[in-house]
Amino acid sequence: MRNQAFKLTDGVVTIRKLRPSDRDRMAEIANNKKVADNLRDAFPHPYSVADAERFIAMCRKHKPAQVFAIEFEGEYVGNIGLHVQDDVYRKTAELGYFIGEPYWNRGITTRAVNLICEYGFRELDIIKIFSGVFEYNIPSQKVLEKCGFVREAVLKDSVLKNEKIWDEHRYARFKNRHE
Ligand SMILES: CC(C)(COP(=O)(O)OP(=O)(O)OC[C@H]1O[C@@H](n2cnc3c(N)ncnc32)[C@H](O)[C@@H]1OP(=O)(O)O)[C@@H](O)C(=O)NCCC(=O)NCCS
């Protein structure tokens, strides 16, 4: 993830740097309540082209890059990010992702998560990758389980989303522990 040409692929799904030209499609995909309902409130709803433009510009400035495009059959379909933590948590990274509703349930995110985890453990000097999933987001929990994550904790009543309180399920995948 250190140079312009960065690309990870398994032959079906590719992860690459975000491009300014992803803007319109990103805004279309992200402007969906069913996507926003599963993400933090910092993710705007409704989601405008200007939001996508700002987000892409911010990601492209960040060195090393942390958020990437997911491509399926040569098309931009969503975003995935790996945020390395700091201080005593610096051997851990937080994982986040979304893909557009037309592409759901085809195994695309499972492939993207496997690609980015393998990359992270190989290149980023981290030993743990975690993700926090709202209790009702079963598809995301399934993705993580398919990718070798374990549910290591349920953080009860931790999330206020859409005026309701929810548990957050914390999933983690480890470089060296196998349990
Ligand atoms: C969560 C999300 C990323 C999943 O992406 P995806 O590409 O559809 O995921 P995959 O196809 O790899 O896997 C989804 C799994 O969930 C299962 N699933 C989908 N809906 C389900 C439901 N209502 N109940 C049970 N399982 C369900 C699918 O069958 C599939 O499992 P399988 O392979 O065992 O059949 C996508 O739905 C999304 O972007 N949602 C909105 C944003 C979001 O939730 N981001 C993650 C925040 S933690």
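With this note's numbering, letter number 93 in the sequence shown gets 93, and the count goes up by one each step, no holes.
Glycine is no exception: its CB is placed at the ideal position from the N, C-alpha and C atoms.
Asked: Which partner residues does E168 have in the DSSP bridge list?; Found: F134, L155
Asked: Run the proximity test for V133: is its beta-carbon closer than 7 Å to any non-hydrogen atom belonging to ligand 1?; Found: yes
Asked: Following the continuous beta strand (DSSP E) through L124, name the residue where it begins and the one where it ends.; Found: Run containing L124: none; DSSP gives neither H nor E here.
Asked: Which of the three DSSP states, helix, strand or coil, is assigned to Y89?; Found: helix
Asked: Which residues in the same chain as K164 place their Cβ atom closer than 6 Å to its Cβ, once the five residues preceding and following it in sequence are excluded?; Found: none
Asked: How big is the Cα-Cα spacing for Y97 and I80?; Found: 4 Å
Asked: Applying the 10 Å Cβ sphere with the 16-neighbour rule, what's the burial state of R23?; Found: buried
Asked: For I99, list the residues DSSP reports as bridge partners.; Found: G78
Asked: At a cut-off of 7 Å, is F39 close to ligand 1 when judged by its beta-carbon and the heavy atoms of the ligand?; Found: It is worth fixing the name first, because residue 39 is Leu in this sequence and not Phe. Indeed, a heavy atom of ligand 1 lies less than 7 Å from the Cβ.
Asked: Buried or exposed for D87, going by 16 or more other Cβ atoms inside 10 Å?; Found: exposed
Asked: If we call anything under 8 Å between Cβ atoms a contact, is Q188 one with H83?; Found: Any property of residue 188 remains undetermined from this structure, which presents the chain solely from 1 to 179.
Asked: Should I138 be listed as close to ligand 1, given that the test is whether its C-beta is under 7 Å from any heavy atom?; Found: yes
Asked: Compute the distance between the beta-carbons of L124 and A93, then report whether it is under 8 Å.; Found: yes
Asked: Is the beta carbon of R106 within less than 7 Å of some heavy atom of ligand 3?; Found: Among the ligands present in this structure, namely ligand 1, ligand 3 is not found.
Asked: Between I126 and ligand 1, is there a pair consisting of the residue's CB and a ligand heavy atom that are separated by less than 7 Å?; Found: no
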